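Residue numbers (the working numbering), protein chains in the order written: chain V, 1 to 346; chain Y, 1001 to 1340.
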Amino acid sequence: MAILQQESNPRMLRDLSSSPRVLDVTDLATHFKTSDGTVHAVNGVSFHLDSGETLGIVGESGCGKSVTVMSMLRLIPEPPGQIVRGQAHFLGKDLLQMSPDEIRQVRGAQIAMVFQDPMTSFNPVLTIGRQLTEPLEIHLGMTGKQAETRAAELLSMVGIPNGAERLRDYPHQFSGGMRQRVMIAMALSCTPQILIADEPTTALDVTIQAQIVELVKRLRDEIGMGIIWITHDLGIIAGIAHRVAVMYGGFIIEHAPVKELYANPQHPYTIGLLGSLPRLDQRRERLESIDGLPPVLYEEPKYCPFAARCAYVQDRCRQENPPLMPVAPHHEAACWVDVRTGALRA
Amino acid sequence: MTVTAERLETTAPSASQDGVLLQVEHLVKHFPITRGIILQRTIGAVRAVDDISFFIRRGETFGLVGESGCGKSTTGRTILQLYPPTSGHVYFDGVDLVTLPPNEMRRMRRRMQMIFQDPYASLNPRMTVGEIIAEPLIVHRTARGPAIQERVDELLELVGLNPAFANRYPHEFSGGQRQRIGVARALALNPLFIVCDEPISALDVSIQAQVVNLLEDLQRRFGLTYLFIAHDLSMVRHICNRVGVMYLGVLVELADRDELYSHALHPYTQALLSAVPVADPVVEEKRKRIILEGDVPSPANPPSGCRFRTRCWLADKICAEQVPAWREVAEDHWVACHMV
Chain V
1 MAILQQESNP RMLRDLSSSP RVLDVTDLAT HFKTSDGTVH AVNGVSFHLD
51 SGETLGIVGE SGCGKSVTVM SMLRLIPEPP GQIVRGQAHF LGKDLLQMSP
101 DEIRQVRGAQ IAMVFQDPMT SFNPVLTIGR QLTEPLEIHL GMTGKQAETR
151 AAELLSMVGI PNGAERLRDY PHQFSGGMRQ RVMIAMALSC TPQILIADEP
201 TTALDVTIQA QIVELVKRLR DEIGMGIIWI THDLGIIAGI AHRVAVMYGG
251 FIIEHAPVKE LYANPQHPYT IGLLGSLPRL DQRRERLESI DGLPPVLYEE
301 PKYCPFAARC AYVQDRCRQE NPPLMPVAPH HEAACWVDVR TGALRA
Chain Y
1001 MTVTAERLET TAPSASQDGV LLQVEHLVKH FPITRGIILQ RTIGAVRAVD
1051 DISFFIRRGE TFGLVGESGC GKSTTGRTIL QLYPPTSGHV YFDGVDLVTL
1101 PPNEMRRMRR RMQMIFQDPY ASLNPRMTVG EIIAEPLIVH RTARGPAIQE
1151 RVDELLELVG LNPAFANRYP HEFSGGQRQR IGVARALALN PLFIVCDEPI
1201 SALDVSIQAQ VVNLLEDLQR RFGLTYLFIA HDLSMVRHIC NRVGVMYLGV
1251 LVELADRDEL YSHALHPYTQ ALLSAVPVAD PVVEEKRKRI ILEGDVPSPA
1301 NPPSGCRFRT RCWLADKICA EQVPAWREVA EDHWVACHMV
């Protein structure tokens, strides 16, 4: 994975000069046993993250993007889930080999998460103050008093006025946007190296979404943490990510720096996704739709999982599953076909 | 109440325009807030829709956008008389729906239909797809016997589903397919007008495009008029001819699509447009965002004067004192703001 070594994007250069690799995931695969069979949710994904950079993971529902990070943090309920193979090195240690105690030290402290639904990710019967001070006391060993002071600081850091008073409020007394801010405050309370944001703005209105995105960008630059931002929204990713991995059927099917991906998409699925988006700044006569539905994989696919919906499909696509291959500098795609010519790659 | 008088005058000319299918005048919908179990007292009202006026031309798609709780869905439902309006008028094809007797209203309903947001909740899980689509035909007695089955097959084919699916149940279908079933049901009675209430918000990106293209094809084929309610401004720009922007129960701006997106006049519209991400990192880098502070106030207790003033960076004294008039500042470009 030498992809980032000579990055040309100026946003990346700053990051690269002083940014050690914080996360290196290789060949991660997770299955779920269901009554219909074993669902192959994630099928061997590899990616990495440097501190200070934002990796966007994009895909539609069921593509395995959430399961990937949940597996990494061992938050998959086992059974029915099972991490069947892979490694996830966080600062040199494999998260997947850690004991339950060790991983508990990492979760919430060094790797924090922000979830999609700010309405359901809090405990409704505990005050915000109680929930914010808990990680501080557990992970950082603060006293109740210290934790409370710090919690009030955290609230003001994420733009909630009267932090000290609001600590006594319950989650239902906050609006959706405010709750997501509290969620972010909680995630950042132990100054994590990695923040995993799983569709953090999907449940919010656009004006509130813009507030949250600005907030996260500001905090990222202040704290210098790495962010994995999971979303189905290619618009948000364009504004926040440095690098993007597109997922489909449990595979990363394309991976590139953000500008390269949007300017020069190489996988037919990425091309289709971008074509199916209406744009605010320009008008399209007709949206290009991708026919058919995303697959549910009950076995390790023997050929390209996108072949059934693909406009560029060739015989080889129905015989062999393409691995991620370099298609341009710093740019990988899992496709046998060169979309520029429509012919098979040499 | 000089404001109301002004509003009356300004909406009058539009009524005379040709080709108007739906004319909404001073529509108000308040939901009472009550306290007490036996002796229920009304202690206030959620002013979900508070005096809005606009019209929709035949064959066009009119978009209604705004954030959650701004009253756009209530507007759609009140137009269809699913909620009885508190006051105001809705003229459909020249007939005032608000004063229409119930039996005539029922006949009128054939002409207007609705497509709902959640394709999982809007189809009865105990009915087969065939029964769901046939229900309006049976209720309105427009077909009987084998003609029903024929019509169901025809409708399924129309929305791109295999007629053999008629015997299946909704849970056997994906979200996009379910939304197609909802569309087929809405089309069953050959309506003139369909309220599409966030019809694609619950769908995945690649499926959204399928449903939008279907809606566009059907509009072209049957000359349908849509009221398209959405919060996705990019999609609204794509599908709508004219767009109204709502904030906290009132219309703040209304214009032709391109006019609105290129010359937004109301500060709220400008902020809303600037907040929408564009799927292009190069464009995103250069864009200037207007970040609104705070949240939308409660519609039970909206701010005095202009409702947007609490979040508006242009707000002045007058904004707290007077409700801005709803006026036409350029041809077919309406705005309610003191600062424009």
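Glycine included, each C-beta is placed from N, C-alpha and C at the ideal position. Given the structure is predicted, the values throughout are model-derived calculations rather than measurements.
Distance CB(residue i)-CB(residue j) smaller than 9 Å
i	j	result
Y/Trp1326	Y/Ala1255	no
Y/Leu1251	Y/Pro1302	no
V/Tyr298	V/Gln319	no
Y/Ile1148	Y/Ala1134	yes
V/Ala185	V/Leu132	yes
Y/Leu1227	Y/Ile1194	yes
Y/Ile1043	Y/Val1024	no
V/Phe90	V/Ala245	no
Y/Val1046	Y/Leu1027	no
V/Asp27	V/Gly81	no
Any C-beta of chain Y under 9 Å from that of residue i
i	result
V/Tyr170	no
V/Val358	Any question about residue 358 of chain V goes unanswered here, given that chain V covers just 1 to 346.
V/Leu13	In this prediction, V/Leu13 scores a pLDDT of 40, lower than 50, which makes its location untrustworthy; the coordinate-derived value is nonetheless stated afterwards. No, its Cβ sits nowhere closer than 9 Å to a Cβ of chain Y.
V/Gln209	yes
V/Glu199	no
V/Leu280	yes
V/Ile236	yes
V/Met178	yes
V/Ser8	Low per-residue confidence applies at V/Ser8: pLDDT is 40, beneath 50, and the placement is therefore not dependable, though the value from the model is reported in the following sentence. Judged by the 9 Å Cβ criterion, V/Ser8 is not in contact with chain Y.
V/Glu288	yes
V/Val216	no
V/Glu60	yes
V/Pro329	no
V/His232	yes
V/Pro192	no
V/Asp221	no
V/Pro294	yes
V/Gly342	no
Chain V within 9 Å of residue i, Cβ atoms only
i	result
Y/Leu1314	no
Y/Arg1077	no
Y/Gln1208	yes
Y/Leu1273	yes
Y/Glu1293	yes
Y/His1140	no
Y/Pro1281	yes
Y/Tyr1226	no
Y/Gly1176	yes
Selected residue, minimal CA-CA separation from residue i, among the options
i	options	result
Y/Leu1097	Y/Leu1021, Y/Ile1207 and Y/Ala1048	Y/Leu1021
Y/Arg1110	Y/Val1323, Y/Arg1185, Y/Arg1237 and Y/Leu1215	Y/Arg1185
Y/Glu1336	Y/His1266, Y/Leu1027 and Y/Arg1077	Before going on, a small fix: residue 1336 of chain Y reads as Ala here, not Glu. Of the candidates Y/His1266, Y/Leu1027 and Y/Arg1077, the one whose C-alpha sits nearest the C-alpha of Y/Ala1336 is Y/His1266.
V/Leu387	V/His331, V/Ala41, V/Met325 and V/His330	Residue numbering for chain V in the displayed model covers 1 to 346; residue 387 of chain V lies beyond these limits and cannot be assessed.
V/Ser257	V/Arg286, V/Asp205, V/Ala328 and V/Asp221	Reading off the sequence, residue 257 of chain V comes out as Pro, not Ser. Measuring from the Cα of V/Pro257, the nearest candidate turns out to be V/Ala328.
Y/Gly1212	Y/Pro1191, Y/Gln1177, Y/Ile1037 and Y/Asn1190	The sequence as given places Val at residue 1212 of chain Y; Gly does not occur at that position. The candidate whose alpha carbon is nearest that of Y/Val1212 is Y/Gln1177.
Y/Arg1257	Y/Gln1270, Y/Gly1223 and Y/Asn1241	Y/Asn1241
V/Gly249	V/Gly64, V/Arg284 and V/Arg218	V/Gly64
V/Gly56	V/Ala308, V/His330, V/Gly342 and V/Trp229	V/Trp229
Y/Ala1279	V/Leu293, V/Gly239, V/Glu285 and V/Val244	V/Gly239
V/Lys93	V/Val84, V/Gln82 and V/Gln105	V/Gln105
Y/Ser1206	V/Asn43, V/Pro294 and V/Val69	V/Pro294
Y/Ile1239	Y/Val1296, Y/Ala1230 and Y/Phe1031	Y/Ala1230
V/Leu188	V/Ile76, V/Met98 and V/Gly226	V/Gly226
Y/Cys1070	Y/Ala1202, Y/Val1139 and Y/Val1245	Y/Val1245
V/Glu199	V/Pro77, V/Gln173 and V/Ser121	V/Ser121
Y/Val1159	Y/Leu1214, Y/Gln1322 and Y/Asp1316	Y/Leu1214
Y/Pro1119	Y/Met1112, Y/Tyr1268 and Y/Ile1132	Y/Ile1132
V/Val25	V/Glu214, V/Arg150, V/Pro305 and V/Met70	V/Met70
Y/Leu1156	Y/Val1276, Y/Gly1130 and Y/Ala1330	Y/Gly1130
Near the ligand ATP: residue i beta-carbon under 8 Å from a heavy atom
i	result
Y/Ile1207	Questions concerning the ligand ATP fall outside what the structure shown contains, since it holds no ligand whatsoever.
Residues bridged to residue i (per DSSP)
i	result
Y/Glu1347	Because chain Y in this structure spans residues 1001 to 1340, residue 1347 of chain Y falls outside the shown range and cannot be described.
V/Ala256	V/Val244
V/Asn43	V/Ala29
Y/Cys1196	Y/Ile1115 and Y/Phe1228
V/Arg21	V/Asp50
Y/Gly1246	The identity of residue 1246 of chain Y in the sequence shown is Met, whereas the question assumes Gly. Note: Y/Met1246 sits in a beta bridge opposite Y/Leu1251.
V/Asp338	V/Ala343
Ranges of the alpha helix (DSSP H) found wholly within the region 95-129 of chain V, counting only runs of at least 4: Assignment of alpha helix (DSSP H) within the region 95-129 of chain V, counting only whole runs of 4 or more residues, yields 100-106 in chain order.
Segments of 4+ residues assigned as alpha helix (DSSP H) that fall wholly inside the region 1253-1334 of chain Y: The region 1253-1334 of chain Y contains these whole alpha helix (DSSP H) runs: 1257-1262, 1267-1275, 1281-1286 and 1317-1321.
Secondary structure, beta strand (DSSP E): runs of 3+ residues fully inside the region 180-213 of chain V: As far as the region 180-213 of chain V is concerned, its whole beta strand (DSSP E) runs of at least 3 residues are 194-198.
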